[in-house]
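S.K.: Shown below is the structure under consideration.
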Amino acid sequence: MRVVIAEDSVLLREGLARLMEIGGIEVLDTVGDAEALLRSVERDCPDLVVADVRMPPDQSDEGVRAALVLRRRYPDLAILMLSQYVEERYAVELLTGQMRGIGYLLKDRVADVEEFLDSLRRVAGGGTALDPEVISQLLVRRDGDELDRLTRREREVLSHMAEGRSNAGIAGVLFLSEGAVSKHINSIFAKLGLPPTDSGNRRVLAILKFLQGNAKDRS
Numbered sequence: 009m010r011v012v013i014a015e016d017s018v019l020l021r022e023g024l025a026r027l028m029e030i031g032g033i034e035v036l037d038t039v040g041d042a043e044a045l046l047r048s049v050e051r052d053c054p055d056l057v058v059a060d061v062r063m064p065p066d067q068s069d070e071g072v073r074a075a076l077v078l079r080r081r082y083p084d085l086a087i088l089m090l091s092q093y094v095e096e097r098y099a100v101e102l103l104t105g106q107m108r109g110i111g112y113l114l115k116d117r118v119a120d121v122e123e124f125l126d127s128l129r130r131v132a133g134g135g136t137a138l139d140p141e142v143i144s145q146l147l148v149r150r151d152g153d154e155l156d157r158l159t160r161r162e163r164e165v166l167s168h169m170a171e172g173r174s175n176a177g178i179a180g181v182l183f184l185s186e187g188a189v190s191k192h193i194n195s196i197f198a199k200l201g202l203p204p205t206d207s208g209n210r211r212v213l214a215i216l217k218f219l220q221g222n223a224k225d226r227s
């Protein structure tokens with residue numbers, strides 16, 4: 009895995025690079041602003057970008073805007089965004105596009121090194137890694153749409169699906185059998201109108217339904 013890191017805090021930037029190197033991940037470049045990120049990706053062709061949501065010069069949404077540009081230019085590039093706080097607007101803006109190879113984590117998650125490295129590998133492999141706090145806030149604000157059909161347990165399962173967990177991972181967290189998790193997921197698909205004949209990835213589509221609905225609610 010070849011990575012470019014974009015983070016304006018020198019301490020965090022170098023810390024992330026060191027963690028990745030210890031985990032056997034090749035760090036191609038570390039940069040401190042969005043423009044440098046765009047140049048680095050064009051030059052080095054990484055597999056994954058890890059970028060802060062807020063970067064110079066305005067410390068607003070430069071990181072997200074750069075990520076959206078990169079997704080358009082390089083559809084196969086995996087991107088993991090880091091944020092100090094849950095910023096729903098930015099999460100929705102990024103995540104309502106292509107869900108393959110995308111992540112959004114709070115910086116506190118870096119403290120759990122193994123979990124963070126696992127998230128990097130999952131995103132680089134085409135999966136998702138969404139922070140539980142982001143998912144929690146997106147779900148709790150939903151009102152009057154398809155997700156209202158889901159039971160409390162089904163919403164918990166969907167939340168863990170959005171975090172990028174496998175059926176086995178969800179089963180472990182919720183203390184269920186994998187068979188029970190599979191039944192909950194099939195029920196979620198049915199209630200969200202995602203039939204077995206759907207040619208797309210129903211797991212991703214289920215996640216997209218609540219993200220896209222949330223974007224409409226906030227527009």
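If you count the sequence shown from 1, you need to add 8 to reach the numbering used here.
Think of the CB as a built atom: it goes at the ideal place given N, C-alpha and C, for glycine as much as any other residue.
The structure presented is a predicted model; accordingly, all values stated were derived computationally and were not measured.
If you reduce the DSSP assignment to three classes, tell me which class LEU85 lands in.
M.R.: coil
S.K.: I need the DSSP call for ASP156, collapsed to helix, strand or coil.
M.R.: In the structure shown, ASP156 falls within a helical segment according to DSSP collapsed to helix, strand and coil.
S.K.: Go to GLY111, then tell me how far its beta strand (DSSP E) extends in each direction, as first and last residue.
M.R.: Run containing GLY111: 110 to 114, per the beta strand (DSSP E) assignment.
S.K.: Taking the straight line between their C-alpha atoms, what separation do you get for PHE124 and ARG117?
M.R.: 6 Å
S.K.: Quick one: using the 10 Å Cβ neighbour count with 16 as the cut-off for buried, is LEU19 buried or exposed?
M.R.: exposed
S.K.: Give a yes or no on whether the minimum CB-CB distance between ARG161 and chain B is below 9 Å.
M.R.: Checking the listed chains, one finds no chain B in this structure; it contains a single protein chain.
S.K.: In angstroms with no decimal places, state the Cα-to-Cα distance between GLY152 and GLU162.
M.R.: Note that GLY152 scores a pLDDT of 48, beneath 50, so its modelled location is shaky and nothing firm can be said.
S.K.: DSSP three-state label for ASP66, please.
M.R.: coil
S.K.: Using the three-state DSSP reduction, which class does ILE13 fall into: helix, strand or coil?
M.R.: strand
S.K.: What separation, rounded to the nearest whole angstrom, lies between the Cα atoms of ILE178 and GLU15?
M.R.: 31 Å
S.K.: Could you check the C-alpha separation between GLY32 and LEU88 for me, to the nearest Å?
M.R.: Note on geometry: alpha-carbon atoms of GLY32 and LEU88 lie some 18 Å from one another.
S.K.: Checking 9 Å against the spacing of the C-beta atoms, do ALA86 and ILE110 come in under that value?
M.R.: yes
S.K.: Exposed or buried, GLU70, counting other C-beta atoms within 10 Å across all chains shown (16 or more means buried)?
M.R.: buried
S.K.: Using the Cα positions of LYS115 and LEU90, report the straight-line distance between them to the nearest angstrom.
M.R.: 6 Å
S.K.: What do you get for ALA132, buried or exposed, if any count of 16 or more other CB atoms within 10 angstroms of its CB means buried?
M.R.: buried
S.K.: Write down the C-beta distance between GLU171 and ILE143 rounded to the nearest angstrom, noting that I regard them as a contact closer than 8 Å.
M.R.: Right, the Cβ-Cβ distance comes to about 6 Å (below 8 Å), so this counts as a contact.
S.K.: How many Å lie between LEU182 and ARG79 at the Cα?
M.R.: 34 Å
S.K.: By Cβ distance, which residues of its chain are closer than 6 Å to ALA134, with the 5 residues on each side in sequence left out?
M.R.: First, the amino acid is wrong: residue 134 is Gly here, not Ala. Correct list, in chain order: ARG108 and GLY109.
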